[in-house]
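A.B. asks: Submitted below is the structure of interest, expressed as structure tokens.
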Amino acid sequence: MTTHLHRPRDAGSATTELVLVTPLLILLALVAVGFGKLVGARLDADEAAHQAARAASLARSADAARAEAGLAANRSLTGAGSSCTGPRIAPELGAFAPGGVVRVTVTCHASLDVPGMRSVDVTASAASVVDLYRGVEP
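Residue numbers (my numbering): 189 to 326.
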């Protein structure tokens with residue numbers, strides 16, 4: 189004589205697992221998107237700082253260097269469609285003379301748009317040397 193063991197039915201367990209796991213997968217995807225926006229904002233700020241430093245080092249006077257740094261950084265951030273908003277550009281010219289170093293720091297606000305993750309400020313700096321064989325107005 190044979191007896192059959194009665195196991196509980198598994199009907200509906202896959203649906204229950206899917207319902208429980210789906211919110212976690214969505215949250216994981218949102219966190220990945222938030223970190224992607226943060227990395228993109230850092231890259232954009234770094235590129236803006238490099239372009240601003242280069243533009244400032246090519247200017248003929250300290251006042252023009254400050255103006256060119258701001259224009260180049262803003263142009264870089266708007267042209268890239270960056271998530272880096274409200275840029276603050278701080279050029280440090282030191283002794284603006286041939287062979288001198290121009291350093292530009294760009295700080296901007298990156299909104300991650302993910303619930304539970306706050307927005308962050310991103311800062312990048314770059315330096316460029318003023319050409320030795322070029323005239324500079326005092």
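Yeah, the Cβ is synthetic: ideal placement off N, Cα and C, and Gly gets one too.
Do A237 and S299 have their beta-carbon atoms positioned less than 7 Å apart in this structure?
C.D. replies: If you number the sequence shown from 1, residue 299 lands on position 111. If you number the sequence shown from 1, residue 237 lands on position 49. Going by C-beta atoms, S299 is not nearer than 7 Å to A237.
A.B. asks: Looking only at C-alpha atoms, which of V289, V227, G287 and D309 sits nearest to T295?
C.D. replies: To locate residue 295, count along the sequence shown from 1; it is residue 107. The residue with the shortest Cα to Cα distance from T295 is D309.
A.B. asks: Starting from P279 and walking both ways along the alpha helix (DSSP H), at which residues does that stretch end?
C.D. replies: By 1-based counting over the sequence shown, the position of residue 279 is 91. From DSSP, P279 is part of no alpha helix (DSSP H) but of the beta strand (DSSP E) over C272 to E280.
A.B. asks: With contact counted as at least three CB pairs below 8 Å, one residue from each stretch, are the segment 276-290 and the segment 208-217 in contact?
C.D. replies: Contact fails: fewer than three Cβ-Cβ distances are below 8 Å.
A.B. asks: Three-state secondary structure (DSSP) at R230?
C.D. replies: As a position in the sequence shown, residue 230 is number 42, starting the count at 1. Of the three classes helix, strand and coil, the one that applies to R230 here is helix, per DSSP.
A.B. asks: Just checking my contact of G287 with L320 at CB under 8 Å: how many whole Å lie between their CB atoms?
C.D. replies: One-based indexing of the sequence shown puts residue 287 at position 99. One-based indexing of the sequence shown puts residue 320 at position 132. Contact holds; Cβ gap of about 5 Å.
A.B. asks: So A244 packs on A229, CB below 8 Å; how close in whole Å?
C.D. replies: Here residue 244 corresponds to residue number 56 of the sequence shown, with the count starting at 1. Here residue 229 corresponds to residue number 41 of the sequence shown, with the count starting at 1. Going by Cβ atoms, the distance from A244 to A229 rounds to 22 Å, so no, they are not a contact pair.
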